[in-house]
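Asker: From first to last, the protein sequence lines stand for chains W and Y. The first sequence: position 103 = 103 (the UniProt record's numbering), numbered continuously. The second sequence: position 12 = 12 (the UniProt record's numbering), numbered continuously. In this text, a Cβ means the ideal position worked out from N, Cα and C, and glycines have one as well.
There are 2 protein chains.
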Amino acid sequence: MASDGFQPLDEKLLVEYLKSTPSLSAKLGNHFDKLEIKEVGDGNLNFVYIVIGLSGSLVIKQALPYIRCIGESWPMTKERAYFESSVLQEHGRLCPDHVPEVYHFDRTMCVIGMRYIEPPHIILRKGLIAGIEYPLLADHISEYMARTLFYTSLLYLTTTDHKSAVAKFCGNVELCRLTEQVVFSDPYKVSEYNRWTTPYLDADAEAVREDNILKLEVAELKSKFCERAQALLHGDLHTGSVMVTPNSTQVIDPEFGFYGPMGFDIGAFIGNLILAYFSQDGHADKGADRNLYKKWIVKIILDTWNLFHTKFIALWDKHKDGSGEAYLPAIYNNPELQSLVKQKYMEDLFHDTLGFGAAKMIRRIVGVAHVEDFESIKEASKRAECERKALNFAKTLLKERKNFHSITEVVSAIEDFNK
Amino acid sequence: MASDGFQPLDEKLLVEYLKSTPSLSAKLGNHFDKLEIKEVGDGNLNFVYIVIGLSGSLVIKQALPYIRCIGESWPMTKERAYFESSVLQEHGRLCPDHVPEVYHFDRTMCVIGMRYIEPPHIILRKGLIAGIEYPLLADHISEYMARTLFYTSLLYLTTTDHKSAVAKFCGNVELCRLTEQVVFSDPYKVSEYNRWTTPYLDADAEAVREDNILKLEVAELKSKFCERAQALLHGDLHTGSVMVTPNSTQVIDPEFGFYGPMGFDIGAFIGNLILAYFSQDGHADKGADRNLYKKWIVKIILDTWNLFHTKFIALWDKHKDGSGEAYLPAIYNNPELQSLVKQKYMEDLFHDTLGFGAAKMIRRIVGVAHVEDFESIKEASKRAECERKALNFAKTLLKERKNFHSITEVVSAIEDFNK
């Protein structure tokens, strides 16, 4: 055990830990016979144990003091577990239908005990690769985004509560710095961590590094990411952070959570849907194209933004005379002005969403961490072709985002670039 | 004495306090005979004692737990002394020529001991009313703004240091809330605290409250003020927070300091210069107009922005390969891109400056706290005439700020509105 009381859990220690922690023992009905334990951490940062007993189940997630896939050479604060547990609890309070319940948190051991999201839930990204439709996905994820973002913004909070929460999450700076590096920096410079489908995309990757206008716009996004504390973000809301069945949508892994610009979360989700879209041709079997499925993805992109917009505005209307201090009712009390204010707010948010979404796409094609949507396309030339279309679209979206005025225009552009 | 150890100082207690505090005793050469003590707090929040002894002098500033001018009915955290002392020390480190040295800080007693800014220093606002020219003012204040804002921004700091400082100053939320109320809220609604030169400006004040576009734009500025942690601001940099002689410029009273948008500081200063400009006709004696002095104020406005611009860019160039993480050298390494990036940064800052400056002007004409520049014009109709011109200019500047591309255009507009 380290001097700070931290100890990585193996299976044996895990069982001892479960037995000695009442809130976790209770979830297992205090039966420890025939516990089925499986380590499933396919992320890069943590141990994740699924524990299934005869009368209950749970998940134990333990943060490790380094990034696991690279070994102990890339240290990463295990304090992120504290922020992950904080976001899970806060977002869970705001949107319990779509966030797993936290049973237990141990700051010394960096251990979160939480609800096991049982089969047939799978990671959304895998569902998108398999071509599975989720009829409630847009409804659910828009609900999650609208509620978590609205209720942690100044549209709902007093500036006192907002500043105090902002201060707390300033502590998660190491994870923010990881995002700054992999999203806003590495793809735009020569970096040992970058990779891409070589040699096909060599010129494309170089073009990203040489594109002054792109880099100018990326700087604006990075500055918003670093400076603008708008709402409590998930911080990594890609399609690998969402577990789904046709009836259920659960958002996991908010260890990158902090107060940042709302568009970063919405953009992460929509950007990853767009990556999924561009990868579809690579998954088309002989005779069975993915054209219908692409249309479904387009519909999810449209619905996600449109439903988010509707729900967010509905929350705003519901609480317009509440404690939020961005737009005091005594000032913003006439319908015409209310409409102007909302239009401006949502337009700015839309442009942020497109910008951050595009940045998240670019980094998945020429940066360190790629997505299975493309990686699972075995034939390199075919993969490169899909990636290039996605990259070209993302570059245009990032640079031209302020010229887009509706999500319909965005999906038209997606379809044009896919031709 | 209160249970928290706090005790308001009267003269007798002050002398005891000085005797028992080595860092302060030393500044007085340990001589306490014939101490000359004067309470000069003409602000609204504090006791300010000037202490002059036979072999040294100092100032003692004590924060009180309420706003003094309104009595104990408007409570205000005395913790602001901690933030004031923190800003004085940080800004003093960055720009010692223009910030008084802190000798001592006592968090329990909310007492700051600092250098006495001796005569012939006077408050700049009084000098502007008297029509005195300060040949080094623009050079000095631009130096102060460039250094304090640059060195506390992400152009110089790592995101780690920046976020840690942001978190600390989130604690000064009560003072931020006071600004939110008096700058961004009260002037735009009916408020018991508002006043204006009545009946002359009754319709003008109402027009401010009814101006949808103005209120839409004010909301954008308020959101930046609340959400954007760009640099460590003074937070109240009007012409009453600056003491001057022809050779010296000293910035005092940063108790509103926090991490916010840079344009709020620059705008406060320039906005108050513009108020001074529009007040000049009210101070013209028979036969002695203020036309030459108005030209001098215009020159100071031009020089302040232009020198700030030059010095800020020079600091940026000097540290472009340093620790600042906004624009990593490996990405922003070509001259054309560097020029683009700076142009965009400074243009955004310019527009913020104009917006915040205009908001600070408006609140001084129709909000709770007015400025002596206008208040000292005895004849109400004459005062109202000056104020109306200033108000109309400020409304236009706030709404049209993004259409101004240089400070020269701004001063042309000032001169047009003054006709």
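(1) Examine chain W for any beta-carbon lying closer than 7 Å to the beta-carbon of Q230 of chain Y, and answer yes or no.
(2) Round the Cβ separation of V410 of chain Y and A205 of chain Y to the nearest angstrom and send it over; I've been treating them as touching at under 8 Å.
(3) Using alpha carbons as the reference points, say which of Y:V40, Y:L64, Y:M76 and Y:H31 lies closest to S57 of chain Y.
(4) Tell me, which residues are paired with S57 of chain W by DSSP?
(5) What is the rounded straight-line gap between the Cα of I301 of chain W and the Cα of A276 of chain W?
(6) Is there a Cβ of chain Y sitting closer than 7 Å to that of V251 of chain W, yes or no?
(7) Tell me the rounded alpha-carbon separation between E133 of chain Y and G5 of chain Y.
(8) Is the segment 207-227 of chain W touching the segment 351-369 of chain W, taking contact as three or more C-beta pairs under 8 Å?
(9) Note down the Cα distance separating G271 of chain Y from A413 of chain W, rounded to an integer number of angstroms.
(10) How long is the line joining the alpha carbons of W196 of chain W and H370 of chain W, rounded to whole angstroms?
(11) List the residues of chain Y whose Cβ lies closer than 9 Å to the Cβ of E180 of chain W, in chain order.
(12) Can you pull the chain Y neighbours of S86 of chain W, defined as C-beta to C-beta under 9 Å?
(13) Residues of chain C with CB closer than 9 Å to the CB of G267 of chain Y, please, in chain order.
(14) Give, in chain order, every unbroken run of the alpha helix (DSSP H) that is at least 4 residues long and sits entirely within the segment 179-265 of chain Y.
(15) DSSP three-state call for P65 of chain W: helix, strand or coil?
(16) So, is Y193 of chain Y buried or exposed, given that buried needs 16 or more other C-beta atoms within 10 angstroms?
(17) If we call anything under 7 Å between Cβ atoms a contact, is G235 of chain W one with G263 of chain W?
(18) Given a cut-off of 7 Å on the beta-carbon distance, is the pair A146 of chain Y and F374 of chain Y in contact?
(19) Please report the distance separating the alpha-carbon of M109 of chain Y from that of L54 of chain Y.
(20) Along chain Y, in chain order, which residues have C-beta atoms closer than 9 Å to that of A330 of chain W?
(21) Secondary structure at V411 of chain W, three-state DSSP: helix, strand or coil?
(22) Step through the CB atoms of chain Y and report whether any lies within less than 7 Å of the CB of L340 of chain W.
(23) Going along chain W in order, which residues have a C-beta closer than 9 Å to the C-beta of V410 of chain Y?
(24) Name the chain Y residues whose beta carbon is nearer than 9 Å to that of N403 of chain W?
(25) Rounded to whole angstroms, what is the Cα-Cα separation between G131 of chain Y and R125 of chain Y?
(26) Could you tell me the alpha carbon to alpha carbon distance between G29 of chain W and V48 of chain W, rounded to whole angstroms?
(27) Under a three-way DSSP split, which group does D139 of chain Y fall into?
(28) Which two residues bound the contiguous alpha helix (DSSP H) that contains E336 of chain W?
(29) Look at the alpha carbon of H162 of chain W and the alpha carbon of Q280 of chain Y, and state the distance between them as a whole number of angstroms.
(30) Can you check whether the C-beta of R177 of chain W is within less than 7 Å of a C-beta belonging to chain Y?
(31) Quick check: is the beta carbon of A358 of chain Y nearer than 7 Å to any beta carbon in chain W?
(32) How about A358 of chain W and L397 of chain W: do their beta carbons lie closer than 7 Å?
(33) Closest by CA to F308 of chain W, which one among W:Y156, W:I407, W:S381 and W:K19?
(34) Does any CB atom of chain Y fall closer than 7 Å to the CB of V173 of chain W?
(35) What three-state label does DSSP hand A326 of chain Y in the structure shown?
(36) Using CA coordinates, which residue listed in W:K215, W:E336, W:C170 and W:S164 is at the minimum distance from D186 of chain W?
Answerer: Inspection of the coordinates gives the following:
(1) Position 230 of the second sequence, counted from the start, is the residue given in the question as residue 230 of chain Y. Yes, contact with chain W.
(2) Along the second sequence, read from residue 1 onward, the residue named residue 410 of chain Y stands at position 410. Along the second sequence, read from residue 1 onward, the residue named residue 205 of chain Y stands at position 205. Not quite, the Cβ-Cβ distance comes to about 24 Å (not below 8 Å), so this is no contact.
(3) Your numbering for residue 57 of chain Y matches position 57 in the second sequence. When only C-alpha atoms are compared, the closest one is Y:H31.
(4) By one-based count along the first sequence, residue 57 of chain W stands at place 57. Answer is W:I52.
(5) Taking the first residue of the first sequence as position 1, residue 301 of chain W is located at position 301. Taking the first residue of the first sequence as position 1, residue 276 of chain W is located at position 276. Spanning the two alpha carbons is a distance of roughly 11 Å.
(6) The count along the first sequence starts at 1 and reaches residue 251 of chain W at position 251. No, because no Cβ of chain Y sits closer than 7 Å to the Cβ of V251 of chain W.
(7) Within the second sequence, numbered from 1, the residue matching residue 133 of chain Y stands at position 133. Within the second sequence, numbered from 1, the residue matching residue 5 of chain Y stands at position 5. Their Cα atoms are separated by approximately 46 Å.
(8) yes
(9) Numbered from 1 along the second sequence, position 271 holds the residue referred to as residue 271 of chain Y. Numbered from 1 along the first sequence, position 413 holds the residue referred to as residue 413 of chain W. Approximately 44 Å between the Cα atoms of the pair.
(10) Numbered from 1 along the first sequence, position 196 holds the residue referred to as residue 196 of chain W. Numbered from 1 along the first sequence, position 370 holds the residue referred to as residue 370 of chain W. Each residue's alpha carbon lies about 8 Å from the other.
(11) On the first sequence, residue 180 of chain W is found 180 positions in, with the first residue counted as 1. Simply T159 and E325.
(12) Residue mapping note: residue 86 of chain W aligns to position 86 of the first sequence, counting from 1. Those do not exist, as S86 of chain W stays about 15 Å from chain Y at its closest Cβ, beyond 9 Å.
(13) Among the protein chains of the structure shown, namely W and Y, there is no chain C.
(14) 202-209 and 212-227
(15) On the first sequence, position 65 is the one that residue 65 of chain W refers to. Of the three classes helix, strand and coil, the one that applies to P65 of chain W here is coil, per DSSP.
(16) Taking the second sequence and counting its residues from 1, the one referred to as residue 193 of chain Y is at position 193. Y193 of chain Y should be labelled exposed.
(17) Along the first sequence, read from residue 1 onward, the residue named residue 235 of chain W stands at position 235. Along the first sequence, read from residue 1 onward, the residue named residue 263 of chain W stands at position 263. No. Outside cutoff.
(18) Numbered from 1 along the second sequence, position 146 holds the residue referred to as residue 146 of chain Y. Numbered from 1 along the second sequence, position 374 holds the residue referred to as residue 374 of chain Y. No, Cβ-Cβ distance for A146 of chain Y and F374 of chain Y is not below 7 Å.
(19) What you label residue 109 of chain Y is simply residue 109 of the second sequence in a count that begins at 1. What you label residue 54 of chain Y is simply residue 54 of the second sequence in a count that begins at 1. Straight-line Cα distance between these residues: approximately 26 Å.
(20) To locate residue 330 of chain W, count along the first sequence from 1; it is residue 330. Going along chain Y in sequence order, the residues near A330 of chain W (Cβ under 9 Å) are S185, Y188, K189, V190 and S191.
(21) Locating residue 411 of chain W in the first sequence gives position 411, counting from the first residue. DSSP places V411 of chain W in helix when its eight states are reduced to three.
(22) Within the first sequence, residue 340 of chain W is the residue found at index 340, counting from 1. For L340 of chain W, the answer is yes, since a Cβ of chain Y falls inside 7 Å of its Cβ.
(23) Here the question's residue 410 of chain Y lines up with position 410 in the second sequence. Near V410 of chain Y there are no residues of chain W at all, since even the closest Cβ is about 24 Å away, more than 9 Å.
(24) Position 403 of the first sequence, counting from 1, holds the residue named residue 403 of chain W. Ordered by position in chain Y, no residue passes the 9 Å Cβ test against N403 of chain W, which lies about 17 Å from the chain.
(25) Residue mapping note: residue 131 of chain Y aligns to position 131 of the second sequence, counting from 1. Residue mapping note: residue 125 of chain Y aligns to position 125 of the second sequence, counting from 1. Cα to Cα, the separation comes out at about 10 Å.
(26) Along the first sequence, one-based indexing puts residue 29 of chain W at 29. Along the first sequence, one-based indexing puts residue 48 of chain W at 48. In a straight line, the C-alpha of G29 of chain W is about 21 Å away from that of V48 of chain W.
(27) In the second sequence, counting from the first residue as 1, residue 139 of chain Y sits at position 139. If DSSP states are grouped into helix, strand and coil, D139 of chain Y belongs with the helices.
(28) If you number the first sequence from 1, residue 336 of chain W lands on position 336. Residues P335 to V366.
(29) The residue labelled residue 162 of chain W in the question sits at position 162 within the first sequence. The residue labelled residue 280 of chain Y in the question sits at position 280 within the second sequence. Their Cα atoms are separated by approximately 42 Å.
(30) Numbered from 1 along the first sequence, position 177 holds the residue referred to as residue 177 of chain W. True, the Cβ-Cβ gap to chain Y drops below 7 Å.
(31) Stepping through the second sequence from its first residue, residue 358 of chain Y is reached at position 358. False, the Cβ-Cβ gap to chain W never drops below 7 Å.
(32) The sequence position of residue 358 of chain W within the first sequence is 358, counting from 1. The sequence position of residue 397 of chain W within the first sequence is 397, counting from 1. Contact flag set, yes.
(33) Start at 1 with the first residue of the first sequence, and residue 308 of chain W comes out as number 308. Selected option, being the one with the closest Cα: W:I407.
(34) As a working note, residue 173 of chain W is residue 173 in the first sequence. So, interface residue.
(35) Against the second sequence, residue 326 of chain Y aligns to sequence position 326. It is coil, neither helix nor strand.
(36) The residue you call residue 186 of chain W lines up with position 186 of the first sequence. Looking at the Cα atoms, W:K215 is the closest of the given residues.
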